[in-house]
Amino acid sequence: MNLLLLPSCLDSNEVGEVEYSADAQIYTFTISSKADTNNILNSTVFTIDQVNGKIFNKELLPYQFNVDSVTINLRGSSAYSSLNNVKLSFSGSDDVVWSQSDSVGINTLYRITTTAPDGETTKRYDFQLNVHDKDPYILSWENISHGYITPTISDQKTISYNNRFITYFISNGAISAVSSSSNDGANWTTANISGLPPNVLLSSLSVSEDALYILDETNRVFNSIDGFTWFLTITEFPIIANYGILPSDINGKSLVIIDDNSTYKFAQTDDFTSFSIMQMGSNTSISEFPLKDFSSISINSSTSYTIKYLIIAGGLKADNTPNNDIWIIQENNGKISNLKSKKTGVASLSESTLFYYDNNIYLLINSMGINNLLFSDNFGLEWKPTGINQSLPTEMDFRKKTSVITDDNNNIWIFGGVSETQTQLDDVWRGKLNKFAQD
Numbered sequence: 149m150n151l152l153l154l155p156s157c158l159d160s161n162e163v164g165e166v167e168y169s170a171d172a173q174i175y176t177f178t179i180s181s182k183a184d185t186n187n188i189l190n191s192t193v194f195t196i197d198q199v200n201g202k203i204f205n206k207e208l209l210p211y212q213f214n215v216d217s218v219t220i221n222l223r224g225s226s227a228y229s230s231l232n233n234v235k236l237s238f239s240g241s242d243d244v245v246w247s248q249s250d251s252v253g254i255n256t257l258y259r260i261t262t263t264a265p266d267g268e269t270t271k272r273y274d275f276q277l278n279v280h281d282k283d284p285y286i287l288s289w290e291n292i293s294h295g296y297i298t299p300t301i302s303d304q305k306t307i308s309y310n311n312r313f314i315t316y317f318i319s320n321g322a323i324s325a326v327s328s329s330s331n332d333g334a335n336w337t338t339a340n341i342s343g344l345p346p347n348v349l350l351s352s353l354s355v356s357e358d359a360l361y362i363l364d365e366t367n368r369v370f371n372s373i374d375g376f377t378w379f380l381t382i383t384e385f386p387i388i389a390n391y392g393i394l395p396s397d398i399n400g401k402s403l404v405i406i407d408d409n410s411t412y413k414f415a416q417t418d419d420f421t422s423f424s425i426m427q428m429g430s431n432t433s434i435s436e437f438p439l440k441d442f443s444s445i446s447i448n449s450s451t452s453y454t455i456k457y458l459i460i461a462g463g464l465k466a467d468n469t470p471n472n473d474i475w476i477i478q479e480n481n482g483k484i485s486n487l488k489s490k491k492t493g494v495a496s497l498s499e500s501t502l503f504y505y506d507n508n509i510y511l512l513i514n515s516m517g518i519n520n521l522l523f524s525d526n527f528g529l530e531w532k533p534t535g536i537n538q539s540l541p542t543e544m545d546f547r548k549k550t551s552v553i554t555d556d557n558n559n560i561w562i563f564g565g566v567s568e569t570q571t572q573l574d575d576v577w578r579g580k581l582n583k584f585a586q587d
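Here is the structure:
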């Protein structure tokens, strides 16, 4: 044991003994490099796992990031109680004693061994510098299932509800369904559906927090709390369209278009039993909005108080002409506020599909027998193509009117759709950005 002998101020004949710390732990660890011109390393946070003896960066460094040598900065429990000795171990070379002014080869460093100020206690840390080994912004896809709907079908839609995927389809004029665990998608079982008439509009199927709603061709509403047993909802007005939940400051409600004595109006409702009619806050005519076969998504940003709205794309208007606009709808002082997005080079939004992924909004479009993805990184205000990195797999058949679902595990699920020859597809694809696959 190392002792420090100090003369006493009270009595020159007495000597005080100071015991050096036996704490060999590293408490702060950073690295830097002159070659790191973008200062990536300066902002990299390293986790020091004292229990398991590991030092590593949880957030991976960018793909193809590389520097040959770095300066290591580390410290023990106190600046006044420095570690006695720090040894660095490298693959394929001898150990060296660390000096803060030295540059070391970070790519071969695998272990750091410290000695406490007492000169005896040691602690070993395994070191790992984590770098993306694939381009993190490439979408990787796999085919999960094919032919999972046995009969010949004429329409379909898949949702995620109560931790299950449910694919509703129409076959021989009747409504049926199959179901799978929402983390599977490969194994499906027949689901018994009751209470739905054959004239329901599957494209109108919407999911709220605790119930499902669907319209039929006569503007009636049916509801279900389990997805399988359905009931007719007695409504005050015929329901022409249901756009889904319109977020608000207090509590979001479903935004619908009702028929009030042959006049179409916007209204909000909790459960389709009572309605609050809403006035337009602009000169936009309600006839400009799609009433069927549209895609919609609710946006409720956790980082911005003002970003609470619905986005609607594609579909058909009341006169059966296509809607080729992307609408942003927001509640503003009890009125409907609307805005058209800016989109680049899009010929048609017919039977397109919106989805939210990695803090961006995506739109799966189809044109001239080709599928493409658009994305918006400013909550739907502007749109641009994703580029080749974030494209659909070449093996995937062209499709429109498909169901797209994203989950908490950062997966994108694509279910079926309509082929170029107008036949129903019954396959399942799963995609994920590489940056999430390496977590």
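Counting from 149, one number per residue, gives the positions in the sequence shown under the numbering used here. Backbone N, C-alpha and C define an ideal beta-carbon position, used for all residues, glycine too.
Rounded to the nearest angstrom, how far is the Cβ of residue 285 from that of residue 375, given a contact under 8 angstroms? Contact flag wrong, Cβ pair sits at about 35 angstroms.
Following the continuous alpha helix (DSSP H) through residue 582, name the residue where it begins and the one where it ends. 582-585
Rounded to the nearest angstrom, what separates residue 203 and residue 224 at their Cα positions? 14 angstroms
Mark residue 476 as exposed unless 16 or more other C-beta atoms lie within 10 angstroms of its C-beta, in which case mark it buried. buried
Closest to residue 454 by C-alpha separation, out of 397, 360, 372, 497, would be which residue? 397
Check whether the Cβ atoms of residue 438 and residue 486 lie closer than 9 angstroms to each other. no
Could you tell me which residues DSSP pairs with residue 470 in its beta bridges? 464
The beta strand (DSSP E) enclosing residue 302, as first and last residue numbers: Neither: residue 302 is in no beta strand (DSSP E) and is coded neither H nor E.
One question on the structure: do residue 394 and residue 427 come within less than 9 angstroms of each other, judged by their Cβ atoms? no
What residue ranges within the segment 533-579 form continuous beta strand (DSSP E) runs of no fewer than 3 residues, ordered along the chain? 551-554, 560-566
Flag this pair as touching only if the segment 491-505 and the segment 244-262 have three or more C-beta atom pairs under 8 angstroms; answer yes or no. no
Looking only at DSSP bridge pairs, what is residue 479 linked to? 484
According to DSSP, is residue 327 helix, strand or coil? strand
For residue 369, which residues does DSSP report across the bridge? 363, 381
Which of helix, strand or coil DSSP assigns to residue 168: coil
Which residues does DSSP pair with residue 459 in a beta bridge? 445, 476
Please specify which runs of the beta strand (DSSP E), each continuous and at least 3 residues long, are wholly inside the segment 489-528, giving them in chain order. 501-505, 508-515, 518-524
So who's on the other strand from residue 530, going by DSSP bridges? 490
The beta strand (DSSP E) enclosing residue 313, as first and last residue numbers: 312-319
Given residue 625, which residues of its chain have a CB within under 6 angstroms of its CB, disregarding the five upstream and five downstream residues? Coverage of the chain is limited to positions 149 through 587, which leaves residue 625 absent and any answer about it impossible.
Would you kindly check if the distance between the Cβ of residue 209 and the Cβ of residue 260 is under 9 angstroms? no
How close, in whole Å, do the beta carbons of residue 324 and residue 575 come, if the pair is a contact with beta carbons under 8 angstroms? That belief does not hold up - the Cβ atoms of residue 324 and residue 575 are roughly 18 angstroms apart, past 8 angstroms.
Determine the direct distance from the alpha carbon of residue 344 to that of residue 321, and round the result to whole angstroms. 12 angstroms
Can you name, in chain order, every residue of its own chain whose Cβ lies under 8 angstroms from the Cβ of residue 422, other than the five neighbours on each side? 384
Provide the residue span of the beta strand (DSSP E) that contains residue 285, from first to last. Where residue 285 is concerned, there is no enclosing beta strand (DSSP E), given that its DSSP letter is neither H nor E.
State buried or exposed for residue 268, treating a residue as buried only when at least 16 other CB atoms are found within 10 Å of its CB. exposed
Our contact map puts residue 523 next to residue 507 with C-beta atoms below 8 angstroms; I'd like the distance itself, whole angstroms only. About 10 angstroms; that fails the 8 angstroms criterion.
Strand pairing of residue 235, partner residues [DSSP]: 245, 261
Measure the alpha-carbon distance for residue 406 versus residue 420 and round it to whole angstroms. 11 angstroms
Look up residue 182 in the DSSP assignment and give the residues it is bridged to. None, per the DSSP bridge assignment.
Closest to residue 520 by CA distance: which of 526, 257, 494, 579 is it? 494
If residue 551 sits next to residue 338, beta carbons under 8 angstroms apart, how far is it from one beta carbon to the other, in whole angstroms? Rounded, the Cβ-Cβ distance is 19 angstroms, inconsistent with contact.
Proximity to residue 276 [Cα-Cα], best of 179, 466, 288: 179
Taking all protein chains shown into account, decide if residue 212 is buried (16 or more other Cβ within 10 angstroms of its Cβ) or exposed. exposed
Closer than 9 angstroms, CB to CB, is residue 342 near chain B or not? No chain B is part of this structure, which consists of one protein chain only.
Status (buried if at least 16 other CB within 10 Å, exposed otherwise) for residue 281: exposed
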